[in-house]
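Visitor: Here you go, one structure.
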Ligand code: SF4
């Protein structure tokens, strides 16, 4: 993981760069290490310090973030970088309480930065740690209700010495050995004290309260291209889903969306549909296309020239729409 300091450097007293710890933790919220790695490298190459990131244009950051999802994170990332640059002279605060006041930093991320970057004795509780604690103590109360108890157990193990290494070690144990389906108890350093292993209940844990099935919403998007290749897009409002991202003009997303083309024309529906799943719902989009009239200058939309438009600046659902349209 490119944000980690290796054991040899760590033993020699090298501390992780708080900027890189913060950036990786924000990117890793709801996202896998494999998905984050390239984004992290691109961000840190383009903006090697928090001060450099603070000076970036909003559009540049949203463009680099495109495809990583949960776009409120990118907006808060920029806000947070600007606060750290302006109010802390580019140095992240070390304490949990001060970190928690920064934009986009919740209890988990504040604890992770305090522990990993500053060796504060804070308890970091992610899904991996929850699983290890549920098994180590053979806790059968279901998540998410059991979180306070799991946190209490994790806190009871958090050491004063090298808490950052401890936090990462427990997370890594969950990610690599105490895995959800087939925990490798035979090589686990917690083999002896693990109560679930002794009871044979490890693969049943952690228990989870069943989730409600996700509803499916429908919507329409409209892709219009001018004779010179320029495309009609919209910058979505800052608040709400995909906030601040580029996308295609479209309808609301609901059970019965109202067709809402951006200008009157003979819109033709493209065969096929876009399917995408967000945290709380599935989405099916129908795609309509027409020619964008020369000289059309909309107030609240964006016309992007052929060479200015980059599909990689679109969030995934909008890129799926573009790919389907281009394939036709
Ligand atoms: S002994 Fe098995 S169940 Fe217990 S913590 Fe280790 S891998 Fe997980």
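Numbering (this note's numbering), first residue to last: 5 to 332. Ideal Cβ placement from N, Cα and C applies to all residues, glycine included.
1) If you count every other CB in all the chains shown that lies within 10 Å of the CB of residue 310, and 16 or more means buried, which is it?
2) To the nearest angstrom, report how far apart residue 271 and residue 300 are at their CA atoms.
3) How many whole angstroms separate the CB atoms of residue 142 and residue 200, which I take to be in contact at a CB cut-off of 8 Å?
4) In chain order, which continuous runs of the alpha helix (DSSP H) of length 4 or greater are located wholly inside the segment 148–210?
5) I'd like to confirm the pairing. Which residues does DSSP put opposite residue 288 in its beta bridges?
6) Which residues in the same chain have their Cβ closer than 7 Å to the Cβ of residue 18, if we skip the five residues on either side of it in sequence?
7) Identify the continuous beta strand (DSSP E) that holds residue 306 and give its terminal residues.
8) Measuring CB to CB, does residue 204 end up less than 8 Å from residue 136?
9) Taking the straight line between their C-alpha atoms, what separation do you get for residue 130 and residue 28?
10) Taking all protein chains shown into account, decide if residue 186 is buried (16 or more other Cβ within 10 angstroms of its Cβ) or exposed.
11) Per DSSP, what are the beta-bridge partners of residue 86 in this structure?
12) Identify which residue in 122, 36, 83 has its Cα closest to the Cα of residue 99.
13) Would you report the Cα separation of residue 26 and residue 113, rounded to the nearest angstrom?
14) So which of 71, 150, 7 has the shortest CA-CA distance to residue 323?
15) Take residue 148 as the anchor and find which of 202, 210, 274 has the nearest alpha-carbon.
16) Name the DSSP beta bridge partners of residue 314, please?
17) May I ask which residues mark the beginning and end of the beta strand (DSSP E) holding residue 296?
18) So, is residue 206 buried or exposed, given that buried needs 16 or more other C-beta atoms within 10 angstroms?
19) Alpha helix (DSSP H) containing residue 140: first to last residue?
20) With DSSP run on the structure shown, which of helix, strand or coil describes residue 324?
21) Please name the residue or residues paired with residue 254 in a DSSP beta bridge.
22) Could you give the first and the last residue of the continuous beta strand (DSSP E) run that contains residue 14?
23) So is the beta-carbon of residue 140 under 7 Å away from any non-hydrogen atom of the ligand SF4?
24) If I follow the unbroken alpha helix (DSSP H) through residue 57, where does it start and stop?
25) Return the chain-ordered list of same chain residues with a C-beta closer than 6 Å to the C-beta of residue 279, the five sequence neighbours on each side being excluded.
26) Given a threshold of 16 other Cβ atoms within 10 Å of its Cβ, counted over all protein chains shown, does residue 127 qualify as buried or as exposed?
27) Relative to the C-alpha of residue 212, which candidate in 251, 150, 281 has its C-alpha closest?
28) Identify which residue in 83, 241, 235 has its Cα closest to the Cα of residue 302.
Guide: With the given structure in hand:
1) Locating residue 310 in the chain shown gives position 306, counting from the first residue. Label assigned to residue 310: exposed.
2) Within the chain shown, residue 271 is the residue found at index 267, counting from 1. Within the chain shown, residue 300 is the residue found at index 296, counting from 1. Distance between the alpha carbons of residue 271 and residue 300 is about 16 Å.
3) Start at 1 with the first residue of the chain shown, and residue 142 comes out as number 138. Start at 1 with the first residue of the chain shown, and residue 200 comes out as number 196. About 4 Å; that satisfies the 8 Å criterion.
4) Contiguous alpha helix (DSSP H) elements confined to the segment 148–210 occur at 151–161, 167–180, 199–203, taking only those with 4 or more residues.
5) Walking along the chain shown from the start, residue 288 turns up at place 284. According to DSSP, which records beta bridges pairwise, residue 288 is partnered with 222, 279.
6) Within the chain shown, residue 18 is the residue found at index 14, counting from 1. Answer for residue 18: 9, listed in chain order.
7) Against the chain shown, residue 306 aligns to sequence position 302. It spans 306–308 - the beta strand (DSSP E) in which residue 306 sits, taken as one unbroken run.
8) The count along the chain shown starts at 1 and reaches residue 204 at position 200. The count along the chain shown starts at 1 and reaches residue 136 at position 132. Contact flag unset, no.
9) For the purposes of this step, residue 130 is identified with residue 126 of the chain shown, where counting begins at 1. For the purposes of this step, residue 28 is identified with residue 24 of the chain shown, where counting begins at 1. Computed Cα separation, rounded: 14 Å.
10) Counted from its first residue, the chain shown places residue 186 at position 182. When all chains shown are included, residue 186 counts as exposed.
11) In the chain shown, residue 86 corresponds to position 82, counting from 1. DSSP lists no partner for residue 86.
12) As a working mapping, residue 99 is identified with position 95 in the chain shown. Taking only the C-alpha atoms, the option nearest residue 99 is 122.
13) Along the chain shown, one-based indexing puts residue 26 at 22. Along the chain shown, one-based indexing puts residue 113 at 109. If you take the alpha carbons of residue 26 and residue 113, they lie about 8 Å apart.
14) Your numbering for residue 323 matches position 319 in the chain shown. Cα-wise, what sits closest to residue 323 is 71.
15) The residue labelled residue 148 in the question sits at position 144 within the chain shown. It is 210 whose Cα lies nearest to the Cα of residue 148.
16) For this step, residue 314 is matched to residue 310 along the chain shown. Bridge pairing for residue 314: absent [DSSP].
17) Position 292 of the chain shown, counted from the first residue, corresponds to residue 296. Neither: residue 296 is in no beta strand (DSSP E) and is coded neither H nor E.
18) Within the chain shown, numbered from 1, the residue matching residue 206 stands at position 202. Residue 206 is buried by the Cβ-count criterion.
19) Position 136 of the chain shown, counted from the first residue, corresponds to residue 140. Where residue 140 is concerned, the enclosing alpha helix (DSSP H) stretches over 131–140.
20) What you label residue 324 is simply residue 320 of the chain shown in a count that begins at 1. In the structure shown, residue 324 sits in a helix (DSSP, three-state: H, G or I).
21) Here the question's residue 254 lines up with position 250 in the chain shown. Residue pairing by DSSP places residue 254 opposite 225 in a beta bridge.
22) One-based indexing of the chain shown puts residue 14 at position 10. That residue, residue 14, is in no beta strand (DSSP E); its alpha helix (DSSP H) goes 11–15.
23) In the chain shown, residue 140 corresponds to position 136, counting from 1. Within the cutoff, so yes.
24) Mapped onto the chain shown, residue 57 falls at position 53. That run of the alpha helix (DSSP H) goes 54–58.
25) Counting from one through the chain shown, the residue named residue 279 turns up at place 275. Once the five neighbours on either side are set aside, the close Cβ partners of residue 279 are 288.
26) What you label residue 127 is simply residue 123 of the chain shown in a count that begins at 1. Per the 10 Å Cβ criterion, buried.
27) The residue given as residue 212 occupies position 208 in the chain shown. If we check each option's Cα against that of residue 212, 150 comes out closest.
28) Sequence index remark: in the chain shown, residue 302 carries index 298 (1-based). The option with the nearest alpha carbon to residue 302 is 235.
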